[in-house]
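> Got a structure here, written out as structure tokens. Questions coming.
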Amino acid sequence: MITLHHLENSRSQRVLWLLEELGLPYEVKRYARDPKTMFAPPELQRVHPLGKSPVISDGDVVVAESGAIVEYLVDSHGQGRLKPKGGTKEQRRYTYWMHFAEGSAMPFLLLKLVFDKVSSAPVPFFVRPILKGVAAQVGKSFITPNLQRQFAFIEAELQANEWFAGKAFSAADIQMSYPVEAAAQRAGLDGKYPAVAGWLARIHARPAYQRALVAGGPYDVTP
4 MITLHHLENS RSQRVLWLLE ELGLPYEVKR YARDPKTMFA PPELQRVHPL GKSPVISDGD
64 VVVAESGAIV EYLVDSHGQG RLKPKGGTKE QRRYTYWMHF AEGSAMPFLL LKLVFDKVSS
124 APVPFFVRPI LKGVAAQVGK SFITPNLQRQ FAFIEAELQA NEWFAGKAFS AADIQMSYPV
184 EAAAQRAGLD GKYPAVAGWL ARIHARPAYQ RALVAGGPYD VTP
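In this text, residue positions in the sequence shown follow the working numbering: the first is 4, and each later residue adds one.
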């Protein structure tokens with residue numbers, strides 16, 4: 004049986020969702036974040052040297068990194084499901100969005116998180132205006148324009164296609180769920196991206212998504 008080492012409010016949630024979509028038997032070992040640092044607990048290092056989640060064990064196979072886990076599960080247990088046929092336009096789109104999620108979308112969301120933290124960090128009063136000014140300028144001139152450019156691109160893609168790989172739901176939608184949900188909660192979509200909002204509504208309505216919420220517990224990607 005597959006074991007998922009699941010850290011609350013993390014990328015691990017999309018692995019739970021994939022397991023439910025594939026109908027695979029699994030067990031969940033839950034881990035809580037440190038309430039002060041929000042980091043994963045030290046006991047995760049017993050599972051994987053980096054001590055991060057998600058990690059799965061499937062017999063003697065241990066796989067870390069959510070994208071690698073998604074690909075492993077689809078390739079090893081998917082039986083042709085949730086992945087377009089090779090050599091097709093849909094397969095090329097699938098591969099692109101599988102990598103876009105962490106390679107392009109998440110870096111700017113993480114930068115936003117870091118600089119939001121910096122602007123509210125407890126520092127001496129005479130330093131606070133400088134930190135806030137720097138954080139605001141970086142956000143205005145670099146982070147926000149890049150996020151807006153990315154989501155305008157995602158919006159255009161979802162206006163032309165119901166799902167990220169094309170007409171059919173796939174694991175690329177599962178992989179893209181975390182950055183889009185993070186953007187919606189942390190940055191806000193402000194009604195500017197109706198196709199993105201529609202896609203979010205569609206994935207949230209899927210029975211497997213709902214079952215994954217029950218299995219994983221409360222899910223909130225807002226820091």
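No residue lacks a Cβ here, since even glycine has one placed at the ideal position from N, Cα and C.
Is it true that the CB of Arg214 sits closer than 8 Å to the CB of Glu23?
yes
> If Arg36 and Leu10 are in contact, beta carbons under 8 Å, what's the gap, nearest whole angstrom?
7 Å
> Please identify the residue among Tyr196, Gln188, Lys115 and Glu184 whose C-alpha is closest to the C-alpha of Glu160.
Tyr196
> Looking at the strands, I want to know which residues DSSP matches up with Val58.
His8 and Ala67
> Report the three-state DSSP secondary structure of Lys32 (helix, strand or coil).
strand
> Go through its chain and collect everything with a Cβ distance to Pro28's Cβ below 6 Å, but skip five positions before and after it.
The beta carbon of Pro28 lies closer than 6 Å to those of Met4 in the same chain, with the five residues before and after it left out.
> Quick check on Glu46: buried or exposed, where buried means 16 or more other Cβ atoms within 10 Å of its Cβ?
With fewer than 16 other beta carbons inside 10 angstroms of its own, Glu46 counts as exposed.
> Give a yes or no on whether the C-beta atoms belonging to Pro87 and Ala211 are separated by under 8 Å.
Contact flag unset, no.
> Tell me where the alpha helix (DSSP H) around Gln153 begins and ends.
Thr147 to Ala163
> Classify Ala163 as buried or exposed, calling it buried when 16 or more other Cβ atoms lie within 10 Å of its own Cβ.
exposed
> Which partner residues of Gly81 appear in the DSSP bridge assignment?
Paired residue(s): none; Gly81 is not in a bridge.
> For a test of the three-state rule: what should DSSP assign to Gly90, helix, strand or coil?
DSSP, reduced to helix, strand and coil, places Gly90 outside both helices and strands of the structure shown, so it counts as coil.
> Touch check for the stretch 64-83 and the stretch 144-151: three-plus C-beta pairs under 8 Å?
no
> Which residue wins for smallest C-alpha separation from Ala186, given the options Ile177, Thr40 and Gln153?
Gln153
> Can we say the stretch 97-106 touches the stretch 178-185, given the rule of at least three CB pairs closer than 8 Å?
yes
> Let me know if Ala71 comes out buried or exposed under the rule of 16 or more other beta-carbons within 10 Å of its beta-carbon.
exposed
> With DSSP run on the structure shown, which of helix, strand or coil describes Gly169?
strand
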